[in-house]
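Undergrad: In the UniProt record's numbering, the protein residues as written are 1 to 571.
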């Protein structure tokens with residue numbers, strides 16, 4: 001049966017997505033698919049044979065090829081077998097559990113680890129020792145964090161896999177998969193090492209040896225999947241130190257994926273390659289790659305919604321930076337319009353059957369900012385409020401500060417300075433917990449400025465202090481709080497704007513008033529420029545980690561908060 005569920009599915013499935021299963025049926029050991037892949041991979045639920053043996057054959061075949069629809073296929077087979085008075089064998093049950101665990105995304109993610117451990121035990125019962133090691137390795141990396149203890153256990157599993165391969169009890173794909181999973185865990189920890197650069201060099205050497213081991217077995221599609229993901233991981237950890245070499249590895253990863261005709265999209269590899277192309281100035285090639293990825297997808301392997309959202313975000317970023325010709329989004333007539341349309345599409349896809357909180361929040365923030373910059377403050381406020389909910393759920397302070405600053409900009413644009421003051425004050429209070437005090441001080445002065453627009457300087461100071469306490473200052477006076485003199489200065493510098501904004505509480509602001517208020521006393525319309533200097537979402541970047549756009553050195557927390565990615569994708 002080849003590598004079974006223990007190989008291909010675990011090294012090729014893309015990150016995120018509205019996968020073929022959501023963890024339903026976990027108690028029975030089998031998940032039921034909910035995404036389009038489930039219907040296409042396991043066969044539509046109408047017009048398919050009910051014969052349990054045919055359904056079982058299909059489930060085994062899809063597991064052997066690592067198809068995203070394997071979980072749904074196993075569910076159909078198990079139901080048919082129960083109706084016929086039969087049941088799955090331990091080996092089949094283990095493959096079903098593996099497929100179900102691989103489908104555990106979103107809220108169902110924490111269920112993956114226990115399912116993998118249970119699958120490993122069943123593989124052992126069935127005498128499938130290589131598969132058992134793969135399932136145990138996946139269980140270790142499916143947790144919220146992989147520390148030194150887990151890496152030590154993964155190292156032990158690698159030794160056992162190599163020994164089993166030497167005596168013919170683990171095939172090349174199974175052995176390479178265990179080593180690849182350990183490599184991913186090590187990559188996630190590079191930035192915590194005493195000498196990250198030296199550790200990255202050591203990991204690059206290890207991955208190069210893994211490629212040399214697996215290459216002679218490339219006739220097996222499962223091995224091609226491992227090779228593709230290994231090259232992608234090698235490209236990822238090479239990018240910060242040698243972008244040109246990273247491009248070579250990432251191009252090879254995509255070529256290996258295509259050569260294997262693998263039944264899952266290559267979204268993680270495409271995102272990494274597009275980001276590397278942007279970093280080296282090849283914007284036109286990056287645009288072409290991302291557009292092709294969005295247009296691709298065979299009928300039986302459609303793009304997952306979250307993968308499509310990520311590709312839309314990456315293409316929007318490429319178009320924004322380069323402003324090149326061409327379009328993907330329906331109705332887009334120029335780069336700016338295309339960027340907005342792509343961001344709107346990303347928001348829509350991020351809200352798929354298994355919604356991705358990370359992607360959805362970032363997409364809404366980006367779209368909200370784009371609309372605010374174009375004076376569409378009402379629409380922007382709604383999007384930013386939803387983004388704030390997502391970032392609050394994820395516990396990301398930098399993202400919340402940035403969103404609140406933009407909400408304040410929108411409030412000023414709508415002629416609501418009191419609302420702007422509230423958002424600035426909340427942002428300042430949260431930024432006050434950071435080591436760098438500059439952002440808190442700037443946001444504090446923006447609070448004073450907005451309050452000055454809403455009333456007298458004296459009232460501005462009183463209200464600012466009240467808002468600061470409500471925002472979590474604990475009743476103490478923030479050293480960065482504006483004095484009455486500073487507040488009066490802010491009011492004096494914007495006397496005309498303050499008069500307009502005060503009267504605007506009883507009527508909507510005109511376009512000119514909105515621009516003046518949003519300009520923050522800069523003398524010109526447009527957002528307060530300090531908002532662009534606030535930290536990017538997700539905290540300090542890790543040199544060897546990947547952000548939402550596929551850029552290495554970004555701060556996207558896949559490596560530490562998205563357990564499925566270490567199991568299923570390189571990022």
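Every residue, glycine too, gets a C-beta built ideally from N, C-alpha and C.
Quick one, which of 295, 89, 183, 245 has its alpha-carbon nearest residue 137's?
TA: In the chain shown, counting from the first residue as 1, residue 137 sits at position 137. With distances taken between Cα atoms, residue 137 lies closest to 183.
Undergrad: Cα separation between residue 552 and residue 319?
TA: Against the chain shown, residue 552 aligns to sequence position 552. Against the chain shown, residue 319 aligns to sequence position 319. Using only the alpha carbons, I get a separation of about 19 Å.
Undergrad: Could you give the DSSP three-state label for residue 546: helix, strand or coil?
TA: By one-based count along the chain shown, residue 546 stands at place 546. Strand.
Undergrad: Using alpha carbons as the reference points, say which of 428, 434, 433 lies closest to residue 441.
TA: On the chain shown, position 441 is the one that residue 441 refers to. Of the listed residues, the one whose Cα sits closest to residue 441 is 428.
Undergrad: Give me, in chain order, the residues of the same chain whose beta-carbon lies closer than 6 Å to that of residue 221; leave out the 5 immediate sequence neighbours on both sides.
TA: As a position in the chain shown, residue 221 is number 221, starting the count at 1. Closer than 6 Å at Cβ, skipping near neighbours: 260.
Undergrad: Between residue 273 and residue 289, how many whole angstroms is the CB-CB distance? I'm expecting something under 8 Å.
TA: Counting from one through the chain shown, the residue named residue 273 turns up at place 273. Counting from one through the chain shown, the residue named residue 289 turns up at place 289. With a Cβ gap of about 6 Å, residue 273 and residue 289 count as contacting.
Undergrad: Secondary structure at residue 146, three-state DSSP: helix, strand or coil?
TA: Position 146 of the chain shown, counting from 1, holds the residue named residue 146. Residue 146: coil per DSSP, three-state reduction.
Undergrad: Within the chosen definition, does the region 173–187 reach the region 216–232 through at least 3 CB pairs nearer than 8 Å?
TA: Segments in contact, yes.
Undergrad: Is the region 187–201 touching the region 231–240 in the sense that three or more CB pairs, one from each, lie closer than 8 Å?
TA: The answer is yes - the region 187–201 touches the region 231–240, with three or more Cβ pairs under 8 Å.
Undergrad: At which residues does the alpha helix (DSSP H) containing residue 217 begin and terminate?
TA: Within the chain shown, numbered from 1, the residue matching residue 217 stands at position 217. Run containing residue 217: none; DSSP gives neither H nor E here.
Undergrad: Have a look at residue 418 and residue 406 and give me their C-alpha separation to the nearest angstrom.
TA: Locating residue 418 in the chain shown gives position 418, counting from the first residue. Locating residue 406 in the chain shown gives position 406, counting from the first residue. Distance between the alpha carbons of residue 418 and residue 406: 14 Å.
Undergrad: Going along the chain, which residues of its own chain have a beta-carbon closer than 6 Å to the beta-carbon of residue 366, five neighbours each way excluded?
TA: For the purposes of this step, residue 366 is taken as residue 366 along the chain shown, with counting starting at 1. These residues qualify, in order along the chain: 343.
Undergrad: Closer than 8 Å by C-beta to residue 249: which residues in its own chain qualify, once you throw out the five before and the five after it? Chain order, please.
TA: Taking the chain shown and counting its residues from 1, one reaches residue 249 at position 249. 231, 232, 234, 235, 238.
Undergrad: Quick check for students: name the residue ranges of the alpha helix (DSSP H) that lie wholly in the region 81–127, counting only runs of 4 or more.
TA: Listed in chain order, they are 90–102, 112–125.
Undergrad: Is residue 321 buried or exposed, if buried means 16 or more other CB atoms sit within 10 Å of its CB?
TA: Translated into positions along the chain shown, residue 321 becomes position 321. Classification for residue 321: exposed.
Undergrad: Please determine, among 202, 263, 173, 198, the residue with the shortest C-alpha to C-alpha distance to residue 219.
TA: For this step, residue 219 is matched to residue 219 along the chain shown. Checked all of 202, 263, 173, 198; the closest Cα to residue 219 is 173.
Undergrad: When we look at the beta-carbon of residue 269 and count the other beta-carbons within 10 Å, is it buried (16 or more) or exposed?
TA: Residue mapping note: residue 269 aligns to position 269 of the chain shown, counting from 1. By the neighbour-count rule (16 or more Cβ atoms within 10 Å), residue 269 is buried.
Undergrad: Can you check DSSP and say which residues form a bridge with residue 552?
TA: Residue mapping note: residue 552 aligns to position 552 of the chain shown, counting from 1. 546.
Undergrad: Count Cβ pairs between the region 164–172 and the region 192–203 that sit closer than 8 Å; are there 3 or more?
TA: The region 164–172, when compared against the region 192–203, does not touch it at the 8 Å Cβ threshold.
Undergrad: Do residue 602 and residue 91 have their C-beta atoms closer together than 7 Å?
TA: Given a span of 1 to 571 for the chain in the structure shown, any question on residue 602 remains unanswerable.
Undergrad: Does the distance from the C-beta atom of residue 76 to that of residue 69 stay below 7 Å?
TA: Along the chain shown, read from residue 1 onward, the residue named residue 76 stands at position 76. Along the chain shown, read from residue 1 onward, the residue named residue 69 stands at position 69. No, the Cβ-Cβ distance between residue 76 and residue 69 is not below 7 Å.
Undergrad: Compute the Euclidean distance between the alpha carbons of residue 209 and residue 135, then round it to the nearest angstrom.
TA: Here residue 209 refers to the residue found at position 209 when the chain shown is read from its first residue. Here residue 135 refers to the residue found at position 135 when the chain shown is read from its first residue. Using only the alpha carbons, I get a separation of about 23 Å.
Undergrad: I'd like to know if the region 526–535 and the region 241–255 are in contact, where contact means that at least 3 CB-CB pairs between them fall below 8 Å.
TA: Result no; under three Cβ-Cβ pairs closer than 8 Å.
Undergrad: Measuring straight from C-alpha to C-alpha, what distance separates residue 276 and residue 435?
TA: Indexing the chain shown from 1 puts residue 276 at position 276. Indexing the chain shown from 1 puts residue 435 at position 435. Looking at the two C-alpha atoms, the distance is approximately 31 Å.
Undergrad: Find the nearest neighbour of residue 430 within the set 304, 153, 414, 402, judged by alpha-carbon distance.
TA: Residue mapping note: residue 430 aligns to position 430 of the chain shown, counting from 1. Here the closest residue by C-alpha is 402.
Undergrad: Can you tell me which of 340, 124, 360 puts its alpha carbon nearest to the alpha carbon of residue 349?
TA: Translated into positions along the chain shown, residue 349 becomes position 349. Of the candidates 340, 124, 360, the one whose C-alpha sits nearest the C-alpha of residue 349 is 360.
Undergrad: Residue range of the alpha helix (DSSP H) that residue 177 falls in?
TA: Along the chain shown, read from residue 1 onward, the residue named residue 177 stands at position 177. Taken as a continuous stretch (DSSP letters only), the alpha helix (DSSP H) holding residue 177 covers 172–188.
Undergrad: Using the Cβ count rule (16 or more neighbours within 10 Å means buried), how would you classify residue 263?
TA: Here residue 263 is taken as the residue at index 263 of the chain shown, counted from 1. Buried, since its Cβ has 16 or more Cβ neighbours within 10 Å.
Undergrad: According to the Cβ coordinates, are residue 81 and residue 87 closer than 7 Å?
TA: By one-based count along the chain shown, residue 81 stands at place 81. By one-based count along the chain shown, residue 87 stands at place 87. Yes.
Undergrad: Measure the alpha-carbon distance for residue 110 versus residue 399 and round it to whole angstroms.
TA: As a working note, residue 110 is residue 110 in the chain shown. As a working note, residue 399 is residue 399 in the chain shown. Going from the Cα of residue 110 to the Cα of residue 399 covers about 24 Å.
Undergrad: Let me know if residue 445 comes out buried or exposed under the rule of 16 or more other beta-carbons within 10 Å of its beta-carbon.
TA: The sequence position of residue 445 within the chain shown is 445, counting from 1. Its Cβ being crowded by 16 or more others within 10 Å, residue 445 is buried.
Undergrad: Would DSSP call residue 36 helix, strand or coil?
TA: Within the chain shown, the letter at position 36 stands for residue 36. No answer about residue 36 holds up, because its pLDDT of 36 lies below 50 and its placement is not dependable.
Undergrad: Between the alpha carbons of residue 56 and residue 433, how many angstroms are there, rounded?
TA: Numbered from its first residue, the chain shown carries residue 56 at position 56. Numbered from its first residue, the chain shown carries residue 433 at position 433. Between residue 56 and residue 433, the C-alpha separation is close to 57 Å.
Undergrad: According to DSSP, is residue 169 part of a helix, a strand, or is it coil?
TA: As a first step, residue 169 is located in the chain shown; it is residue number 169 there, counting from the start. Residue 169: coil per DSSP, three-state reduction.
Undergrad: Leaving out five residues before and five after residue 213 in sequence, what residues of the same chain have Cβ atoms less than 7 Å from its Cβ?
TA: For the purposes of this step, residue 213 is taken as the residue at position 213 of the chain shown. Only 176 meet the Cβ criterion.
Undergrad: Ordered along the chain, which non-local residues of its own chain (more than five positions away) have a Cβ less than 6 Å from that of residue 316?
TA: Position 316 of the chain shown, counting from 1, holds the residue named residue 316. The residues are 339, 342, 343.
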